[in-house]
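The structure appears below as structure tokens.
2 protein chains.
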Amino acid sequence: MTPQRYRIDVAYDGTNFAGWQVQPRHTTVQGELEGALKQLGGRHVRVEASGRTDAGVHARGQVAHFDWPEKADRPDRLLRGINALLPDAVRVLKLRAVPDTFHARFSAVGKEYRYFIDNGSIRQPIDRFYRTWVRDPLDLEAMQAAATVLEGEHDFAAFAANPNREIDGTIRTLYRLSVTKKGPLITIRAHGNGFLYKMVRSLSGFLLRVGRQEVQPVVAKTILHSKLRTARVPTAPPEGLFLWRVFY
Amino acid sequence: MTPQRYRIDVAYDGTNFAGWQVQPRHTTVQGELEGALKQLGGRHVRVEASGRTDAGVHARGQVAHFDWPEKADRPDRLLRGINALLPDAVRVLKLRAVPDTFHARFSAVGKEYRYFIDNGSIRQPIDRFYRTWVRDPLDLEAMQAAATVLEGEHDFAAFAANPNREIDGTIRTLYRLSVTKKGPLITIRAHGNGFLYKMVRSLSGFLLRVGRQEVQPVVAKTILHSKLRTARVPTAPPEGLFLWRVFY
């Protein structure tokens with residue numbers, strides 16, 4: 000039997016998970032997927048994602064890969080078999096055979112995250128697990144101005160939770176960082192060639208401070224140049240964040 | 000002190016409620032609202048809605064009224080006070096003083112419900128509590144044809160759970176019954192001058208059968224004329240249903 004690598008596109012509701020990565024005594028997305036594969040194949044198979052997501056963070060388009068002991072005759076049945084063993088909060092949307100050279104993490108050339116904010120004066124009960132509620136009316140133009148400053152190639156050390164632990168350094172390119180509004184819903188879209196640990200929640204946390212007019216948009220420059228993570232950059236709550244898409 | 004009647008517009012996530020109406024040993028939306036008012040005012044105040052919603056059914060625009068012992072100096076504070084005592088799954092969106100002649104149920108002249116169907120081959124984890132998942136590809140045109148037959152003034156006895164218990168008879172007017180599709184999301188909109196008990200879920204259940212091509216759209220006519228509730232009209236699951244708006 001020749002092992003076969005499979006790429007899976009995964010969506011999950013992160014509300015009740017301790018994040019992506021397997022941890023003892025916690026329910027995680029990786030743990031659920033590896034559990035389903037073990038039930039199907041009778042042995043442990045490691046599932047490698049494009050990157051971890053934190054506790055409470057959702058995914059519309061997470062990508063992962065695993066090596067199956069042999070090529071499946073019917074990949075559609077493998078997909079359905081996995082989904083049948085998963086809780087409703089996780090679903091494999093696509094499954095396809097890929098060459099061994101494909102690696103969910105190392106082959107990724109970009110990612111898009113979206114951060115959703117319910118900016119109504121009263122928190123909407125519907126979708127409350129998929130949006131961060133911010134009661135104070137946010138200054139959209141200020142947030143957009145700050146986002147523009149942050150776009151492009153920068154050293155984002157000041158927007159990482161553990162900048163010293165980043166193996167590939169702290170320089171990344173944000174192709175796009177946009178802030179749009181539709182009714183009370185504000186959406187932050189972040190598309191870049193890579194993201195540091197908790198970078199999107201840090202960018203969002205900073206943009207929220209700008210939106211509250213606690214700091215001027217131009218301060219983004221000073222913070223970038225400082226390369227220092229300080230209290231000026233809070234980490235926004237996880238529930239509004241979605242890993243939207245991974246590019247290869 | 001002169002009592003004052005207040006109208007409230009209420010949104011709720013019905014997932015974990017045993018419906019609107021107070022029931023012993025169950026958590027209900029009415030129970031939560033009356034509990035909050037009792038905490039605020041020190042006595043029991045009855046909250047009357049435009050109509051009950053069943054267990055698991057959501058509301059974007061439920062309307063209710065209650066008589067407060069006196070006119071509130073600051074209605075905005077009363078609103079915030081109520082919301083502060085409610086679980087996140089329920090929110091009063093608006094509160095305003097109304098004359099005693101206003102009655103949430105008897106003054107209503109129409110209602111709009113929406114029923115959301117996730118018709119993808121794989122059930123989306125996000126929003127799964129707000130949509131009914133139907134795996135079989137549904138025939139949209141057939142559903143639309145059946146909906147057109149059901150529009151207008153009819154005796155809807157065959158689409159009610161307990162037609163003999165309807166005090167105001169079983170004739171109602173559906174101003175609009177439409178079926179639209181956007182990606183895998185199918186939306187049924189029902190706007191009428193009134194709805195019998197479980198009527199929207201019955202209409203949706205029938206439209207789902209038509210969509211599965213188990214019955215022809217024209218059968219809607221036969222069922223209407225029969226005035227008999229039979230197994231031909233199943234009750235669709237509650238999670239996809241929203242009370243969208245009440246008209247006065």
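Chains B and W are the protein sequences, given in the same order. Count the first sequence with numbering that gives the first Met the number 0 and you get residues 0 to 247, in order. Count the second sequence with numbering that gives the first Met the number 0 and you get residues 0 to 247, in order. No residue lacks a Cβ here, since even glycine has one placed at the ideal position from N, Cα and C.
Starting from the Cα of Trp19(W), find the closest Cα among Pro237(W), Tyr247(W), Gly41(W) and give me that residue.
Residue 19(W) sits at position 20 when you count from the first residue of the second sequence. Shortest Cα-Cα distance from Trp19(W) to any of Pro237(W), Tyr247(W), Gly41(W) involves Pro237(W).
Which of the three DSSP states, helix, strand or coil, is assigned to Lys197(W)?
Within the second sequence, residue 197(W) is the residue found at index 198, counting from 1. Three-state result, Lys197(W): coil.
Between which residues of its own chain and Asp66(W) is the CB-CB distance below 6 Å, once the five residues before and five after are set aside?
Against the second sequence, residue 66(W) aligns to sequence position 67. For Asp66(W), where only same-chain residues beyond five positions count, the Cβ hits under 6 Å are Pro2, Arg4.
Alpha-carbon spacing of Pro74(W) relative to Gly80(W), whole angstroms:
Taking the first residue of the second sequence as 1, we reach residue 74(W) at position 75. Taking the first residue of the second sequence as 1, we reach residue 80(W) at position 81. Cα to Cα, Pro74(W) sits roughly 10 Å from Gly80(W).
Taking the alpha carbon of Ala54(W) as the point to measure from, which residue in Gly41(W), Leu77(W), Ala17(W), Gln22(W) has its own alpha carbon closest?
Indexing the second sequence from 1 puts residue 54(W) at position 55. The residue with the shortest Cα to Cα distance from Ala54(W) is Ala17(W).
Can you pull the chain W neighbours of Tyr174(B), defined as C-beta to C-beta under 7 Å?
As a first step, residue 174(B) is located in the first sequence; it is residue number 175 there, counting from the start. Here the premise fails: no neighbours, minimum Cβ distance about 25 Å.
Restricting to Cα atoms, I'd like to know which of Thr179(B), Gly191(B), Val178(B) is closest to Asp154(B).
The residue labelled residue 154(B) in the question sits at position 155 within the first sequence. Of the candidates Thr179(B), Gly191(B), Val178(B), the one whose C-alpha sits nearest the C-alpha of Asp154(B) is Gly191(B).
Taking its Cβ as the centre, do 16 or more other Cβ atoms sit within 10 Å of Asp117(B), making it buried, or is it exposed?
Along the first sequence, one-based indexing puts residue 117(B) at 118. Residue burial is scored here from C-beta neighbours: Asp117(B) has at least 16 other C-beta atoms within 10 angstroms and is therefore classed as buried.
Are there 16 or more other CB atoms within 10 angstroms of the CB of Ala58(B), so buried, or fewer, so exposed?
Sequence index remark: in the first sequence, residue 58(B) carries index 59 (1-based). Looking at its Cβ environment, which holds 16 or more other Cβ atoms inside 10 Å, Ala58(B) is buried.
Beta carbon proximity, Pro124(B) to chain W, threshold 7 Å:
By 1-based counting over the first sequence, the position of residue 124(B) is 125. Cβ-Cβ to chain W under 7 Å: yes for Pro124(B).
Assuming Glu238(W) is part of the beta strand (DSSP E), what are its boundary residues?
If you number the second sequence from 1, residue 238(W) lands on position 239. Unbroken run through Glu238(W): none, as it is neither H nor E.
Distance between Ile121(B) and Leu184(B) (C-alpha atoms, nearest Å)
For this step, residue 184(B) is matched to residue 185 along the first sequence. For this step, residue 121(B) is matched to residue 122 along the first sequence. Their Cα atoms are separated by approximately 12 Å.
Are Ile187(B) and Val91(B) close, meaning C-beta to C-beta below 7 Å?
In the first sequence, the residue the question calls residue 187(B) occupies position 188. In the first sequence, the residue the question calls residue 91(B) occupies position 92. The beta carbons of Ile187(B) and Val91(B) sit no closer together than 7 Å.
Does the distance from the C-beta atom of Ala145(W) to that of Val209(W) stay below 7 Å?
By one-based count along the second sequence, residue 145(W) stands at place 146. By one-based count along the second sequence, residue 209(W) stands at place 210. The answer is yes: Cβ separation under 7 Å.
Proximity test, Cβ basis, 7 Å: Arg134(B) and chain W:
Numbered from 1 along the first sequence, position 135 holds the residue referred to as residue 134(B). No - not a single Cβ of chain W is within 7 Å of the one on Arg134(B).
Could you tell me the distance, in whole angstroms, from the CA atom of Phe105(W) to the CA atom of Val148(B)?
As a working note, residue 105(W) is residue 106 in the second sequence. As a working note, residue 148(B) is residue 149 in the first sequence. Between Phe105(W) and Val148(B), the C-alpha separation is close to 56 Å.
With a threshold of 7 Å between beta carbons, is Ile121(B) in contact with chain W?
For the purposes of this step, residue 121(B) is taken as the residue at position 122 of the first sequence. So, interface residue.
Cβ-based contacts, 7 Å cut-off: residues of the stretch 39-58 of chain W near chain B
His57
With a threshold of 16 other CB atoms inside 10 Å of the CB of Gly250(W), please say whether the residue is buried or exposed.
With chain W covering only 0 through 247, there is no way to say anything about residue 250(W).
Reference Lys110(B), options Arg24(B), Thr172(B), Arg211(B), Asp138(B), closest by Cα:
Mapped onto the first sequence, residue 110(B) falls at position 111. Residue Thr172(B) is the option with its Cα nearest to Lys110(B).
Can you tell me whether Arg42(B) is buried or exposed? The criterion is at least 16 other CB atoms within 10 Å of its CB, across all chains shown.
Mapped onto the first sequence, residue 42(B) falls at position 43. Classification of Arg42(B): exposed, given that the 10 Å Cβ count is below 16.
Using alpha carbons as the reference points, say which of Gly182(W), Ala230(W), Thr14(W), Leu84(W) lies closest to Gly34(W).
Working through the second sequence from its first residue, we reach residue 34(W) at position 35. Measuring C-alpha to C-alpha distances from Gly34(W) to each of Gly182(W), Ala230(W), Thr14(W), Leu84(W) identifies Leu84(W) as the nearest.
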